[in-house]
Each structure stands twice: as structure tokens, then as C-alpha cells.
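In our numbering, the protein residues as written are 3 to 454.
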């Protein structure tokens, strides 16, 4: 797959092709540099939506609906003929992005396998048969003579799991280790080391093969990335690839709405009511110690900028606290510049963006630092104490801690938000400023409801 800067890529051969791909090899497509990143971001929205759904414990039928909507929303194209191209290109770009570490490979393999599973299930039986033929999967349909010898057993298994069985049902005879999920749930008949899998459960066969192919491909891609691609593309693709795994995919909080401005007199109440735990911890430590190290200053200052604290108020806020420890003169000399710099008023005058959850989670605070994500970086004792302070206890706290133990830090924050505000947050928390904005909206609605 070659990356180019301006040419349009030719469409894939117009001959009939299955809706799904096993992504066995990169197609001979030319890809515009703009599409390289945009297609990957769209697919990443799908995979992260699946990850959130799984972490929330959604049932199979709920996941099927979720995958259908995620795909429909994010993977469409203005030219219907380009939808398949977008599917294939986006997969191979993300394969490059997520091949780089074992942790990234594990996540990508799990999400892509889940995506494929539900997309396959959404296909018609005829399409499913076509896929098995198209990709030459090593499974053959049971011949009639052998079917007759095990027919009664197959009928018994079908009845035991509440499914009908008839002579038109196609069965595949496969080694039982190929379908561990069906064996574990006693959904197939096993004889002499072989499982007899009906067509309506053939997804397990295809997914096993798919997962194996992608797992091997990720290892090979990692070798190629390490040995050649990373260095060859260091000035063009490498920065894009390395940034995509931590991409923030939500709204831009660089500039708040005019109506969202906050004043210094309200900031303590807002911190108590609507700051996420990461920002509330920084705020409390600043009030307590009258100082924050560099990482904490940037994380909190950009957040405050995003929620609507104007530059003059920000300077007054930081100066009031720091002056208690370092003095006003030293603050003006050593710290005021960085505050103005965050607001784009010094240096390159870049309009810096508040940090998203992924960036905060991936930070590595040292001893004495207070930035980063409390759900990841706090000890269990300190996190429970912080949650108690926010009013999250009992069963709700245990649910939060369960997500933390499973490394679902953003979902832990989402559950904290839901516990505090008494409402669901289906989109999940992906940004501290999103947490603040949603919190303020809910509180304002409650005030309006009371007044009316």
C-alpha cells in the first residue's frame, strides 16, 4: 500500500467481492496522505466504541446493534464505491499504528476480532458461505452419509440449546480446539476429537481463523516497522502513526463558548461540583501547597482555559496561590510567562489545547507530581479516599474500583460521573473539559426544572 500526497486512488477491481475482508495482504492502492489519517481516525472511533461497549458489559444483542450503528456512522463514504477501500485502508493503517507494542497489539487484535465477529453475524447466510469459499477456510461441509450417522446426536444438542434442527442445516466437521467458545458453552456435538458446527454458529470458525491471521500479521508488521518503515518515514508517516494510538476523537475544547466563561469568585464551587477527579486533585493540591510542578501547572491551566477562565483571571488565580510560597516578584519572573504561553500570548503564540484523557492517562508523574490520571496513578487506598470525598461510596465505589483493576480508567471516571450526577453518560468520559461541560449542563437543567 503506497502513500502519495495528491493522486486519487483507483477503486478496487469492480468484480464481485464479499462485504468483509480477512485483510490477508495490503491491496495495491495509492492512498492520499489526508485519507491515510482520516480513515484511520474513523475506524478508531468504531474500535473505541466497541471497547467501551465491552467494558460496560453489554449483551451480545446490544453489541450487535452498537457495532451496526458505529460502522454506519463512521465508516460511510460519499462515494459508495469507496466504502470497501476505506474499510481496507483504515485497517492496514491501524495495523501499523497498533503493531508497535505488545499492549497495543493485544488491544487491536481484540477489538478487530470483535468487530469482525459482529459484522459477520450481520451478513446473510449466503454471504457467510461466500466468505468461507472466498477465503478458502480449511473447513468442509459434512457429507450426507456421515450426517446420517450422527443426526440424532445433532438434533439432541440443538434441542438442548433451544434451537431447531432440520435436514437442510449445513454442518462443518472441525477439530474441537478450533471452536473453544462453542465447546466451553456445550453448544456443539463432539465425537473423536471433532466438533460438528451448524451453519448458524459458523462465525466461531471464521473468527478463530481471522484472529490467528491478524495476530501473526501484527508480529510481522512490527518487525517491518522496527527494521525499515519507522526510519524511512520519520519525517512523514512516523509522527502520524505514533500519535494515532493516543488520538482524542471528541470536540475541540481549545476555545470555550462565550457563555461558558467562569469567574474567580465561582471557581471553588465549580471545582467542588463539576471538576473531574484529575483536575479536582490538582486544584486541591494547589490550594493546599500553594505550588504545583510543571506537569501539574500545564494540565490544570489548560483545563481552566478550556472551561472559560480568561487570561487575566488565570494570572490572578495562579499569582494569588504561588505568591504565598514563592512571593509575587518570583512569580512574575519565573511563572507568569508559562501561563501566558499556554494562552498563546508568548513564544510561538500557539493556541494550546486542553489535555484529553488519553494524554493524561499515558503521562508518567514522578514523586511529588500531582498530574496524570488518579484512576491509573493512585493507590487503591488513596483512590477510595478521593472517591469518598466526592461522595461516591458503597456499591458504586466498588464498581469504579472494578473498572480500575481491569484498566478501564475512562470508564471508571464515567461511572464516577454517573454516581455523582445521578444520570447515565452513554458517550463515556473522554476529556476532562467534557466532564465539566456535561456536569454544568446537568446542574443547570436541574436549576431550571426547580424554578419552573
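Every residue gets a Cβ at the ideal spot worked out from N, C-alpha and C, and that includes glycine.
> Under a three-way DSSP split, which group does residue 125 fall into?
Replying inline: coil
>> What ranges does the alpha helix (DSSP H) occupy inside the stretch 267-345, keeping only unbroken runs of at least 4 residues that lie completely in it?
In response: 269-276, 279-291, 296-309, 313-328, 330-336 and 338-344
> Quick one: complete alpha helix (DSSP H) runs, 4+ long, within the stretch 23-59?
Replying inline: 35-57
> What residue does the alpha helix (DSSP H) around residue 94 start on, and which one ends it?
Replying inline: 85-100
>> As a quick exercise: from 405, 98 and 26, pick the residue whose alpha carbon is nearest that of residue 241.
In response: 98
>> Quick check on the DSSP output: the alpha helix (DSSP H) that includes residue 182 runs from which residue to which?
In response: 182-186
> Excluding five sequence neighbours on each side, which residues of the same chain lie with their C-beta closer than 8 Å to the C-beta of residue 342?
Replying inline: 313, 317 and 348
> Is the distance from the Cβ of residue 149 to the Cβ of residue 118 below 8 Å?
Replying inline: no
> Are the Cβ atoms of residue 44 and residue 86 separated by less than 8 Å?
Replying inline: no
> Between residue 18 and the rest of its own chain, which residues show a CB-CB distance below 6 Å, the 5 nearest in sequence each way excluded?
Replying inline: The pLDDT assigned to residue 18 is 41, lower than 50, so where the model puts this residue is not dependable; a value taken from the coordinates is nonetheless given after this. Nothing listed; no residue qualifies.
> Under the three-state reduction of DSSP, which class applies to residue 358: helix, strand or coil?
Replying inline: coil
> Which of helix, strand or coil does DSSP assign to residue 18?
Replying inline: Because the pLDDT of residue 18 is 41, which lies under 50, any placement of that residue in the model is unreliable, and the question is left without a value.
> Closest by CA to residue 57, which one among 116, 184 and 301?
Replying inline: 116
> So what does residue 198 bridge to, in DSSP terms?
Replying inline: 175 and 191
>> Suppose the cutoff is 6 Å on Cβ atoms and the five residues either side in sequence are ignored; what does the same chain contact list for residue 311 look like?
In response: 264
> If you run the structure through DSSP and keep just helix, strand and coil, what is residue 449?
Replying inline: helix
> Hey, would you say residue 249 sits closer than 8 Å to residue 31, going by beta carbons?
Replying inline: no
> In this structure, what does DSSP give as the bridge partners for residue 143?
Replying inline: 174
>> Report the CB separation of residue 197 from residue 212 in whole angstroms; it is logged as a contact under 8 Å.
In response: Their Cβ separation, rounded to whole angstroms, is 18 Å, which puts residue 197 and residue 212 out of contact at 8 Å.
> For residue 233, does the count of other Cβ atoms within 10 angstroms reach 16, so buried, or fall short, so exposed?
Replying inline: exposed
>> If you reduce the DSSP assignment to three classes, tell me which class residue 104 lands in.
In response: helix
> Can you name, in chain order, every residue of its own chain whose Cβ lies under 8 Å from the Cβ of residue 359, other than the five neighbours on each side?
Replying inline: 250, 375, 411, 412, 415, 431, 432, 433 and 434
>> To the nearest angstrom, how far is the alpha carbon of residue 4 from that of residue 64?
In response: The predicted position of residue 4 is uncertain, since its pLDDT is 49 and thus under 50; a value taken from the coordinates is nonetheless stated next. Rounded to whole angstroms, residue 4 to residue 64 spans 38 Å at the Cα level.
> Excluding the five sequence neighbours on either side, which residues of its own chain have a C-beta within less than 6 Å of the C-beta of residue 380, listed in chain order?
Replying inline: none
> What is the DSSP secondary structure of residue 352, reduced to helix, strand or coil?
Replying inline: coil
> Got a sec, what are the start and stop residues for the alpha helix (DSSP H) residue 366 sits in?
Replying inline: Here residue 366 belongs to no alpha helix (DSSP H), and DSSP marks it neither H nor E.
> With contact counted as at least three CB pairs below 8 Å, one residue from each stretch, are the stretch 382-389 and the stretch 403-410 in contact?
Replying inline: yes
>> Going by DSSP in three states, residue 263 sits in which element: helix, strand or coil?
In response: coil
>> Tell me which residues share the same chain as residue 124 and place their Cβ nearer than 8 Å to its Cβ, disregarding the 5 neighbours each side in the sequence.
In response: 66, 69 and 70
> If we count Cβ pairs, one from each stretch, closer than 8 Å, do we get three or more for the stretch 388-396 versus the stretch 291-299?
Replying inline: no
> Under the rule that 16 or more other beta-carbon atoms within 10 Å means buried, what is residue 93, buried or exposed?
Replying inline: buried
>> So, with DSSP's three-state summary, where would you put residue 1?
In response: A query on residue 1 cannot be resolved here, the shown segment of the chain reaching from 3 to 454 and no further.
> On the three-state DSSP scale, how would you describe residue 457?
Replying inline: Given that the chain is displayed from residue 3 to residue 454, the structure contains no residue 457 and the question cannot be resolved.
> Short check: CB of residue 152 to CB of residue 207, under 8 Å?
Replying inline: no
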